[in-house]
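Here's the structure, in structure tokens; my notes come after.
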Amino acid sequence: MSMWSALSDKLDEKVLEDLTSNVKQTQDNLLEEILTLNANTEYLRPFLHGSSDKDTFKKNVPVTTYEDMKLFIDRIANGEPFDVISGTPITGFSLSSGTSGGKRKMFPCNNKYLENLNFIYCYRSFVISKYIDGLEHGKGMVFNFCVPEHTTPSGIPVSAATTLFFKSDYFKNRPPYWHWSFTSPDEVILCSDNKQSLYCHLLCGIVQRDEVVKVGTAFVSTLVRVITFLEKHWEEICTNIRYGRLSEWITDISCRDSVSKILGEPNPELADLIENQCKQKSWEGIIPRLWPKTKFIESIATGQMAQHIPTLEFYSNKLPLISSSYVSSETMFGINMNPLCKPQDVSYTFLPNMSYFEFLLVDAGDEVEIVDLVDVKLGCHYEPLVTNHSGLHRYKMGDIVQVTGFYNSAPQFRFARRGNLILSVHMEITTDQVLLNAVTHAKMVLESSDVMLMDFTSYADISTTPGHYVLYWELKGKYNNSIAEIDNKVLVECCYVVEESLDNFYKEYRKNGSIGALEIRVVQQGTFDSLMEFFITQGASSTQYKTPICIKSTEAIAILEEKVHARFFTDESLSLNFLS
Ligand code: AMP
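If you're matching positions, the sequence shown starts at 1 in the UniProt record's numbering and goes up one per residue.
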């Protein structure tokens with residue numbers, strides 16, 4: 001079978017219609033296929049005794065977490081045969097961005113995973129092209145990156161899932177209909193030096209600015225970072241364009257050769273034009289100003305990424321922002337069939353050919369209720385359990401999703417939250433979603449004084465009694481690219497608004513003194529870039545990187561602490577207002 005077997009010769013509306021209309025059959029067939037391949041692995045044999053029967057699977061195979069699987073995964077990494085957990089060869093290990101719980105997770109991966117990722121890339125673009133005209137002749141300026149790969153003691157490559165994909169034949173030999181073309185040559189994506197790669201992506205995008213119809217990053221936080229990088233490097237980019245000479249520090253040979261070709265002859269007119277735009281005091285609308293034919297931005301803005309929507313709208317003059325898919329290192333889930341909806345209203349239609357999906361009902365008390373994809377109920381919250389082709393069985397994802405509707409018979413889910421992120425200093429539990437909402441409220445206070453919150457994270461400080469919440473905030477002036485001075489009153493009010501927006505348990509404990517006043521530590525500009533670089537040195541992928549909402553790693557906290565330049569607390573007298 002060719003590697004394109006999951007796709008027909010060209011992309012076809014009917015493929016999606018059939019899949020979303022035959023959810024039960026597709027899921028049952030898929031489970032049977034997975035179990036037939038895997039029933040005799042060391043992991044499954046004691047539960048299934050070689051059977052590929054769905055009922056036996058449901059009755060005997062336990063729900064698992066990463067901790068349960070780690071031992072098996074590590075054994076394969078250390079050289080034992082793949083059939084410890086998988087009936088087909090493990091060709092790579094994908095590292096999750098893993099910054100959320102502070103831990104790196106390593107998932108077995110095989111060609112089926114890459115085939116599925118390819119399917120999602122193709123069909124999400126296909127859906128978008130049904131809603132936006134004139135994309136076929138334009139190019140996408142898409143910031144894709146690879147991280148350095150290493151190998152396990154048994155010689156299997158370990159890298160971010162996207163890196164495994166970009167280095168695979170699926171990407172290298174992609175057929176012409178795969179995607180509209182990119183402004184960057186493949187060599188830029190494949191360059192494992194992040195800074196060189198980003199610089200070259202921008203340079204190629206600027207040189208071909210009249211062809212750019214789409215701007216894309218995996219997550220919106222990356223796009224915000226791309227813009228701040230451009231703020232630091234536009235003069236150098238203009239000099240490169242003016243003289244037709246690439247900066248000497250681009251030393252990756254393949255990158256250098258391919259980008260030099262795109263850069264071409266000296267082009268002082270273009271350099272002047274870009275310079276005129278970039279030296280304006282405000283960067284409001286900079287994306288359409290530099291890339292005037294951009295029709296949309298493709299970048300995930302759901303879940304914790306939603307915090308960056310206002311900043312991105314500022315830079316993009318509210319170009320359509322499309323969150324096109326929901327994917328992870330464990331599996332692909334689905335695509336957004338209504339790409340032009342508001343970023344806040346995005347739901348993902350789960351595709352039944354990706355993995356076998358089950359759903360654990362959230363907040364069901366002591367009862368454990370697990371249902372199939374076709375049996376989820378509108379409005380309910382679930383944690384997906386994944387059974388994939390490469391050795392995960394009934395694996396608890398840790399994400400919480402809510403059913404919002406159906407596309408044909410395929411359920412659609414809103415990404416509600418990451419389930420395991422919590423801040424706690426006493427007996428309260430503050431989930432990432434509650435904290436995000438609270439910060440969103442405080443952001444309105446900031447916005448009214450023309451300051452943007454570029455990124456934030458949090459930390460439960462229990463080094464003193466009572467413990468208290470610490471938020472690290474990186475701020476930036478809306479119209480002058482820096483903040484001249486921080487307004488004490490505004491930041492103190494922000495502390496109060498965050499606390500006021502947390503739940504009643506928090507406020508109760510706060511009022512009785514079990515929790516101390518919330519603190520905002522303002523950090524210097526560029527701090528969150530340093531944080532990202534730190535996580536990248538730990539193996540995180542820059543394509544998949546997400547700033548953790550809550551930090552536990554002492555090394556990461558040390559990076560933030562070094563850059564703190566002001567601290568603010570809720571005025572203690574105001575805490576009396578809580579719950580009054
Ligand atoms: P990784 O395995 O590093 O690619 O991270 C996967 C995780 O990113 C998922 O489990 C989600 O928590 C998050 N994620 C991926 N896609 C989305 C999305 N469309 N919306 C919100 N969060 C997402």
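All C-beta atoms, glycine included, are put in the ideal place defined by N, C-alpha and C.
In this text, all values refer to a predicted model and were calculated from it rather than measured experimentally.
* Residues near THR217 by beta carbon distance below 7 Å, same chain, minus five either side -> The sequence position of residue 217 within the sequence shown is 217, counting from 1. Closer than 7 Å at the Cβ level, and outside the excluded window around THR217, lie PHE143, LEU223, VAL226 and SER299.
* Tell me which same chain residues have a C-beta within less than 6 Å of the C-beta of GLY102, skipping the five on either side of it? -> Here residue 102 corresponds to residue number 102 of the sequence shown, with the count starting at 1. Confidence is the limiting factor: at GLY102 the pLDDT is only 46, short of 50, which leaves the residue's position unreliable, though a coordinate-based value still follows. Excluding positions up to five away in sequence, the list reads LYS552 and SER553.
* Asked: Quick one: is TRP249 buried, meaning 16 or more other Cβ sit within 10 Å of its Cβ, or exposed?
  -> Here the question's residue 249 lines up with position 249 in the sequence shown. Counting Cβ neighbours within 10 Å, TRP249 comes out exposed, since fewer than 16 surround it.
* Asked: So, helix, strand or coil for GLU298, using DSSP?
  -> The sequence position of residue 298 within the sequence shown is 298, counting from 1. Looking at GLU298 - three-state DSSP - the assignment turns out to be strand.
* Identify every residue that forms a DSSP beta bridge with GLU519. => Sequence index remark: in the sequence shown, residue 519 carries index 519 (1-based). Answer is VAL470 and PHE569.
* Asked: How many angstroms separate the CA atom of ILE559 from the CA atom of VAL23?
  -> On the sequence shown, position 559 is the one that residue 559 refers to. On the sequence shown, position 23 is the one that residue 23 refers to. Roughly 47 Å between the two C-alpha positions.
* Asked: Looking at MET397 and ligand 1, is the gap between the Cβ and the nearest heavy atom below 8 Å?
  -> Against the sequence shown, residue 397 aligns to sequence position 397. Yes, Cβ of MET397 sits closer than 8 Å to a heavy atom of ligand 1.
* Taking buried to mean at least 16 other C-beta atoms within 10 Å of its own C-beta, is ASP399 buried or exposed? -> Here residue 399 refers to the residue found at position 399 when the sequence shown is read from its first residue. Buried.
* Asked: Can the beta-carbon of PHE528 be found closer than 9 Å to that of GLU555?
  -> Stepping through the sequence shown from its first residue, residue 528 is reached at position 528. Stepping through the sequence shown from its first residue, residue 555 is reached at position 555. No, the pair does not count as a contact, with Cβ atoms beyond the cut-off.
* Asked: If you pair each beta-carbon of the segment 72 to 92 with each one of the segment 33 to 44, do three or more pairs fall below 8 Å?
  -> yes
* **Beta carbon of ARG394 nearer than 9 Å to that of GLU358** => The residue labelled residue 394 in the question sits at position 394 within the sequence shown. The residue labelled residue 358 in the question sits at position 358 within the sequence shown. Taking 9 Å as the Cβ cut-off, ARG394 and GLU358 qualify as a contacting pair.
* 7 Å CB neighbourhood of residue 591 in its chain, flanking five on each side removed -> There is simply no residue 591 to check, as the chain begins at 1 and stops at 580 in what is shown.
* Asked: Does DSSP classify SER5 as helix, strand or coil?
  -> As a working note, residue 5 is residue 5 in the sequence shown. Confidence at SER5 is low in this model, with a pLDDT of 40, below 50, so its placement is unreliable and the value that follows should be read with caution. Note: SER5 maps to coil in three-state DSSP.
* Asked: How is the beta strand (DSSP E) around ALA77 delimited, first residue to last?
  -> Along the sequence shown, one-based indexing puts residue 77 at 77. Premise fails: ALA77 lies in the alpha helix (DSSP H), 66 to 77, not in any beta strand (DSSP E).
* Asked: For TYR479, is the classification buried or exposed, using 16 other Cβ atoms within 10 angstroms of its Cβ as the cut-off for buried?
  -> Counted from its first residue, the sequence shown places residue 479 at position 479. So TYR479 counts as exposed.
* Simplified DSSP state of SER308, which is helix, strand or coil -> Along the sequence shown, one-based indexing puts residue 308 at 308. Strictly speaking, residue 308 in this sequence is His, with Ser absent from that position. Three-state DSSP puts HIS308 in a helix.
* To do: Flag ILE300 as yes when its Cβ comes closer than 8 Å to any non-hydrogen atom of ligand 1, and as no otherwise.
  => On the sequence shown, position 300 is the one that residue 300 refers to. True, at least one ligand heavy atom lies under 8 Å from that Cβ.
* **DSSP beta-bridge partners of ASP372** => In the sequence shown, counting from the first residue as 1, residue 372 sits at position 372. Paired residues: GLU358.
* Report whether the distance from the Cβ of MET305 to the nearest heavy atom of ligand 1 is below 8 Å. => To locate residue 305, count along the sequence shown from 1; it is residue 305. True, at least one ligand heavy atom lies under 8 Å from that Cβ.
* SER449 to LEU16 span [Cα, whole Å] -> To locate residue 449, count along the sequence shown from 1; it is residue 449. To locate residue 16, count along the sequence shown from 1; it is residue 16. Going by the C-alpha atoms only, they are around 47 Å apart.
* Roughly how many angstroms separate the alpha carbons of SER100 and GLN544, rounded to a whole number? -> Taking the first residue of the sequence shown as position 1, residue 100 is located at position 100. Taking the first residue of the sequence shown as position 1, residue 544 is located at position 544. With a pLDDT of only 39 at SER100, under 50, the local geometry of the prediction cannot be trusted, and no value is derived from it.
* Take GLU572 as the anchor and find which of LEU518, VAL522 and PRO548 has the nearest alpha-carbon. => Locating residue 572 in the sequence shown gives position 572, counting from the first residue. Out of LEU518, VAL522 and PRO548, LEU518 has the C-alpha closest to the C-alpha of GLU572.
* Asked: Any idea which residues DSSP pairs ILE322 with across the strands?
  -> For the purposes of this step, residue 322 is taken as the residue at position 322 of the sequence shown. For ILE322, which the question treats as bridged, DSSP gives the partners GLU298.
* To do: Report whether the distance from the Cβ of LYS546 to the nearest heavy atom of ligand 1 is below 8 Å.
  => Within the sequence shown, numbered from 1, the residue matching residue 546 stands at position 546. Checking every heavy atom of ligand 1 against the Cβ of LYS546, one is found closer than 8 Å.
* Integer Cβ distance of LEU95 from ALA160, believed to fall under 8 Å -> To locate residue 95, count along the sequence shown from 1; it is residue 95. To locate residue 160, count along the sequence shown from 1; it is residue 160. Right, the Cβ-Cβ distance comes to about 6 Å (below 8 Å), so this counts as a contact.
* Asked: Tell me which same chain residues have a C-beta within less than 7 Å of the C-beta of ASN505, skipping the five on either side of it?
  -> On the sequence shown, position 505 is the one that residue 505 refers to. Per the sequence shown, the amino acid found at residue 505 is Phe instead of Asn. Excluding residues within five positions, the ones whose Cβ falls inside 7 Å are GLU428.
* Is the CB of PRO339 under 9 Å away from at least one CB in chain B? -> In the structure shown, chain B cannot be found, because there is only a single protein chain.
* **Selected residue, minimal CA-CA separation from CYS122, among PHE93, PRO176 and VAL158** => On the sequence shown, residue 122 is found 122 positions in, with the first residue counted as 1. When only C-alpha atoms are compared, the closest one is PRO176.
* Asked: Mind checking whether the beta-carbon of residue 582 lies closer than 8 Å to any heavy atom of ligand 1?
  -> Outside the displayed span of the chain (1 to 580) sits residue 582, for which this structure offers no information.
* TYR348 Cβ short of 8 Å to ligand 1 heavy atom set -> Locating residue 348 in the sequence shown gives position 348, counting from the first residue. TYR348: yes, Cβ under 8 Å from ligand 1.
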